[in-house]
Amino acid sequence: HKTHRVMTLADHISHIITQDFARNQ
Amino acid sequence: ACPVSGAERSSQEIWESFSQCFTPAVKEVVEFAKGIPGFQELSQQDQVMLLKSGTFQVLMVRFCTLFNAEDRTVTFLNGKTYPLSTLRALGMGSLLDAMFEFSEKLGSLGLEPDEMALFMAVVLVSADRSGISDMWAVEQLQEGLIRALRSLINRRRPDDSALFPKLLLRLPDLRTLNNLHSEKLLAFRID
Numbered sequence: 001h002k003t004h005r006v007m008t009l010a011d012h013i014s015h016i017i018t019q020d021f022a023r024n025q
Numbered sequence: 001a002c003p004v005s006g007a008e009r010s011s012q013e014i015w016e017s018f019s020q021c022f023t024p025a026v027k028e029v030v031e032f033a034k035g036i037p038g039f040q041e042l043s044q045q046d047q048v049m050l051l052k053s054g055t056f057q058v059l060m061v062r063f064c065t066l067f068n069a070e071d072r073t074v075t076f077l078n079g080k081t082y083p084l085s086t087l088r089a090l091g092m093g094s095l096l097d098a099m100f101e102f103s104e105k106l107g108s109l110g111l112e113p114d115e116m117a118l119f120m121a122v123v124l125v126s127a128d129r130s131g132i133s134d135m136w137a138v139e140q141l142q143e144g145l146i147r148a149l150r151s152l153i154n155r156r157r158p159d160d161s162a163l164f165p166k167l168l169l170r171l172p173d174l175r176t177l178n179n180l181h182s183e184k185l186l187a188f189r190i191d
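Chains W and A, in that order, are what the protein sequence lines are.
The numbering of the first sequence is this note's numbering, which starts it at 1 and goes up by one.
The numbering of the second sequence is this note's numbering, which starts it at 1 and goes up by one.
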């Protein structure tokens with residue numbers, strides 16, 4: 001069973017930024 | 001990192017190698033932003049909003065040095081240089097054409113590294129303002145950075161009064177690159 005995930009480059013950038021700020025809080 | 005990957009690699013592996021190259025580049029933009037005088041005085045929410053809308057544009061400025069407009073080649077992180085014709089065959093035509101055009105225009109201005117850094121700071125605080133809570137603070141920060149960039153450029157090249165306005169004209173170019181290309185889909189499968 002395969003799950004297909006799709007995101008945009010903008011989503012990916014957004015995700016990295018959110019994680020970075022969450023880690024430094 | 002590399003425009004072509006062997007057929008033996010799974011989509012998961014390709015995704016991971018992409019992410020390994022791309023994630024540090026994004027984190028460097030975050031660190032760069034935190035070093036902009038006054039940026040960390042904005043609310044954390046506004047810092048995140050500016051970064052979300054401006055990081056792709058800052059990356060496009062950084063990637064300009066990888067595009068050689070004269071030879072029509074692009075250098076990838078694997079150190080190899082590929083001709084535009086090869087890359088176009090892989091189906092990245094419109095982004096590559098737009099990047100060549102942009103890097104040619106920006107390169108022709110011959111900015112020094114510190115001028116380029118200040119320009120990237122202006123790019124970041126000029127990002128789309130939707131969702132910003134303290135608009136006044138962002139505008140103040142932007143005005144200060146634009147003043148600093150203008151004074152640096154005019155002091156170094158007092159004979160070239162057209163340079164600064166030409167540089168500001170690159171901001172809408174970046175906005176267009178962002179709007180046309182940051183919504184490119186990344187798809188991957190997980191078992």
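Where is the CB? At the ideal position from N, CA and C, for every residue including glycine.
Fair warning: this is a prediction, and the values are worked out from it, not measured in the lab.
Kindly list, in the order they appear in chain W, the residues whose Cβ is closer than 7 Å to that of Leu-185 (chain A). Val-6 and Thr-8
Within 8 Å of any Cβ in chain W, is that where the Cβ of Thr-200 (chain A) sits? A question about residue 200 (chain A) goes unanswered here, because the residues of chain A that appear run from 1 up to 191.
Whole-Å CB distance - Leu-141 (chain A) paired with Gly-38 (chain A), under 8 Å assumed: 5 Å
Got a sec? Which residues, its chain only, sit under 8 Å from Val-26 (chain A) by beta carbon, not counting five neighbours each side? Thr-55 and Leu-59
Beta strand (DSSP E) containing Val-74 (chain A): first to last residue? 73–75
CA nearest to the CA of Leu-167 (chain A), picked from A:Ser-182, A:Asp-159 and A:Leu-118: A:Leu-118
For Met-49 (chain A), count the other beta carbons within 10 Å of its own beta carbon; 16 or more makes it buried, fewer makes it exposed. Which is it? buried
Could you give the distance in angstroms between the alpha-carbon of His-181 (chain A) and the alpha-carbon of Leu-95 (chain A)? For His-181 (chain A) and Leu-95 (chain A), the distance between alpha carbons rounds to 7 Å.
I need the straight-line Cα distance from Arg-72 (chain A) to Pro-83 (chain A), nearest angstrom please. 6 Å
Shorter than 8 Å from the beta carbon of Thr-55 (chain A) to some beta carbon of chain W? yes
Please report the residue range of the alpha helix (DSSP H) in which Thr-86 (chain A) lies. 84–89
How would you list, in chain order, the residues of chain W whose beta-carbon sits under 9 Å from the beta-carbon of Gln-192 (chain A)? Here chain A covers residues 1 to 191 and nothing more, so residue 192 (chain A) does not appear.
Measure the C-alpha to C-alpha separation of Ser-10 (chain A) and Ile-16 (chain W) and round it to an integer number of angstroms. 23 Å
Can you list the residues of chain W that Val-48 (chain A) reaches, using a CB-CB cut of under 8 Å? Around Val-48 (chain A), the beta-carbon contacts reaching into chain W at under 8 Å are Ile-17, Thr-18 and Phe-21.
Which partner residues does Phe-67 (chain A) have in the DSSP bridge list? Residue pairing from DSSP places Phe-67 (chain A) in a beta bridge opposite A:Val-74.
Quick one: which chain W residues come within Cβ less than 7 Å of Val-30 (chain A)? Ile-17 and Asp-20
Taking Leu-51 (chain A) as the query, report the chain W residues whose CB atoms sit under 7 Å from its CB, ordered along the chain. Ile-17
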